[in-house]
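Peer 1: What follows is a structure written as structure tokens; I'll ask about it next.
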Amino acid sequence: MQPKFVSIVGAGGKTTALRALARALAPRRVLVTTTTHMFPIQPPDCRTVLTDPAPDALLAQLQLPGAVCAGRQAEGGKLCALSPALLVQATAATDVVLCEADGAHRLPLKLHRADEPVLPPQTDVCLIVAGLSALGQPVRDAVHRYALCPNWAANPEQLVGIPELLYCVRETAAACGLPPERLRVLLNQADTPALAALAEPAAQALRADGLDCRIGSLHVDPALLYRWIFSE
């Protein structure tokens, strides 16, 4: 059964994932939104952007094919979450909801506070994104909230390798609070065969945890997520 509500968390490609899925799902009625803060997904990836939409206006737009990006006005030109009641209405009115449910300050990996990620209860599938560009970088430069790991707080020059990558992904999976069958893990930014090969031990370890994990590059293969989540 195809999911109706897909939340995207982690780091290293969430916005790229939203754009790719919005484009691939354009024949359907799609809402793109957030539970945290995000820059609007503009045309041509989304058909239109609605800021502080009245319920009737949003629901009318969701009757038409294509992706509608909607949220409340936030600082810095960003959008924040629709009201819970309007999100429920919009979810019922559309075919697919794509929700950015995490923030990472544009870093490739992330650790989470107790109040993160902000997963809506409607979530059918949660996509965890992790960026392979973190490999070889100090944790202070590659991991948002790295100091939440005591060892990294004491040693911010610790380089990110496969164990550190796994630590971040497993922490994210635990923070989601969902059973493994409702999680997908994309080790993103595998822009070269060498990077993909380097990430294979991490993917194997995550699959051994019961997680559906793939290695890929949304820049090289933007249709990857659509095939994986909606077509297979």
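Quick note on numbering: numbering that gives the first Met the number 0 labels position 107 of the sequence shown as 106, and the sequence is numbered without any gaps. Glycine included, each C-beta is placed from N, C-alpha and C at the ideal position. Everything numeric in this text was worked out from a predicted model, so none of it was measured.
1. Secondary structure at GLN6, three-state DSSP: helix, strand or coil?
2. Using a threshold of 9 Å, state whether the C-beta atoms of ALA66 and ALA100 are closer than that.
3. In the structure shown, what three-state DSSP assignment does ASN150 receive?
4. Is there contact between the segment 208-220 and the segment 188-197, where contact requires at least three CB pairs shorter than 8 Å?
5. Quick check on DSSP: helix, strand or coil for PRO137?
6. According to the Cβ coordinates, are GLY12 and GLY102 closer than 9 Å?
7. Does the Cβ of ALA113 have 16 or more other Cβ atoms within 10 Å, making it buried, or fewer, making it exposed?
8. Is it the case that the Cβ atoms of PRO16 and ASN187 are separated by a distance below 9 Å?
9. What is the rounded straight-line gap between the Cα of PHE165 and the Cα of VAL184?
10. Can you tell me whether HIS143 is buried or exposed, with buried defined as 16 or more other CB within 10 angstroms of its CB?
11. Under DSSP, the beta strand (DSSP E) around ARG46 begins and ends at which residues?
12. Grab me the residues of ILE7's own chain with a C-beta within less than 6 Å of its C-beta, minus the 5 sequence neighbours each way, in chain order.
13. Just to confirm before moving on: does the CB-CB distance between GLY9 and PHE38 stay below 9 Å?
14. Rounded to the nearest angstrom, how far is the Cβ of ILE228 from that of VAL124, given a contact under 8 Å?
15. Would you tell me roughly how many angstroms separate the C-alpha atoms of ASN154 and PHE4, rounded to the nearest one?
16. Hey, out of THR90, THR191, LEU108, whose CA is closest to VAL159's CA?
17. Quick one, which of LEU58, THR33, GLU170 has its alpha-carbon nearest PRO119's?
18. Between which residues of its own chain and LEU210 is the CB-CB distance below 7 Å, once the five residues before and five after are set aside?
19. Which residue's Cα is closest to the Cα of ASP220: LEU30, SER132, ASP190, GLY135?
20. What are the start and end residues of the alpha helix (DSSP H) that includes VAL87?
21. Leaving out five residues before and five after ALA141 in sequence, what residues of the same chain have Cβ atoms less than 7 Å from its Cβ?
22. Just verifying my parser: in three-state terms, what is the DSSP assignment at ASP55?
23. So which of VAL138, ASP94, HIS104, LEU177 has the shortest CA-CA distance to CYS167?
Peer 2: Reading off the structure:
1. Against the sequence shown, residue 6 aligns to sequence position 7. Checking the sequence, you will find Ser at residue 6 rather than Gln. In this structure, SER6 counts as strand in the three-state DSSP scheme.
2. Looking up residue 66 in the sequence shown gives position 67. Looking up residue 100 in the sequence shown gives position 101. No, Cβ-Cβ distance for ALA66 and ALA100 is not below 9 Å.
3. What you label residue 150 is simply residue 151 of the sequence shown in a count that begins at 1. ASN150 falls in the helix class under three-state DSSP.
4. yes
5. In the sequence shown, residue 137 corresponds to position 138, counting from 1. Residue state, collapsed to three classes: strand.
6. What you label residue 12 is simply residue 13 of the sequence shown in a count that begins at 1. What you label residue 102 is simply residue 103 of the sequence shown in a count that begins at 1. Going by C-beta atoms, GLY12 is not nearer than 9 Å to GLY102.
7. Within the sequence shown, residue 113 is the residue found at index 114, counting from 1. So ALA113 counts as exposed.
8. Position 17 of the sequence shown, counted from the first residue, corresponds to residue 16. Position 188 of the sequence shown, counted from the first residue, corresponds to residue 187. According to the sequence provided, residue 16 is Ala. The question's Pro does not apply to it. Contact: yes.
9. Position 166 of the sequence shown, counting from 1, holds the residue named residue 165. Position 185 of the sequence shown, counting from 1, holds the residue named residue 184. It is worth fixing the name first, because residue 165 is Leu in this sequence and not Phe. Cα to Cα, LEU165 sits roughly 11 Å from VAL184.
10. Position 144 of the sequence shown holds residue 143. Buried, since its Cβ has 16 or more Cβ neighbours within 10 Å.
11. Numbered from its first residue, the sequence shown carries residue 46 at position 47. Neither: ARG46 is in no beta strand (DSSP E) and is coded neither H nor E.
12. Walking along the sequence shown from the start, residue 7 turns up at place 8. Excluding positions up to five away in sequence, the list reads LYS13, ALA16, GLU99, LEU126.
13. Here residue 9 refers to the residue found at position 10 of the sequence shown. Here residue 38 refers to the residue found at position 39 of the sequence shown. In this structure, PHE38 does not lie closer than 9 Å to GLY9 by Cβ.
14. As a first step, residue 228 is located in the sequence shown; it is residue number 229 there, counting from the start. As a first step, residue 124 is located in the sequence shown; it is residue number 125 there, counting from the start. At roughly 6 Å, the Cβ-Cβ gap stays under 8 Å, so ILE228 and VAL124 are in contact.
15. Here the question's residue 154 lines up with position 155 in the sequence shown. Here the question's residue 4 lines up with position 5 in the sequence shown. Cα-Cα distance, rounded: 39 Å.
16. Residue mapping note: residue 159 aligns to position 160 of the sequence shown, counting from 1. Taking only the C-alpha atoms, the option nearest VAL159 is LEU108.
17. Residue numbering aside, residue 119 sits at position 120 when the sequence shown is read from its first letter. The shortest C-alpha separation from PRO119 is found at THR33.
18. Taking the first residue of the sequence shown as position 1, residue 210 is located at position 211. So the list reads ALA172, PRO179, LEU182, VAL184, once near-sequence residues are dropped.
19. The residue given as residue 220 occupies position 221 in the sequence shown. Ranking the options by Cα distance to ASP220, first place goes to ASP190.
20. Walking along the sequence shown from the start, residue 87 turns up at place 88. First-last of the alpha helix (DSSP H) with VAL87: 83-92.
21. As a first step, residue 141 must be located in the sequence shown, where it is residue number 142. Correct list, in chain order: LEU106, PRO107, LEU108, ALA133, VAL159.
22. Position 56 of the sequence shown, counted from the first residue, corresponds to residue 55. Looking at ASP55 - three-state DSSP - the assignment turns out to be helix.
23. Looking up residue 167 in the sequence shown gives position 168. Ranking the options by Cα distance to CYS167, first place goes to VAL138.
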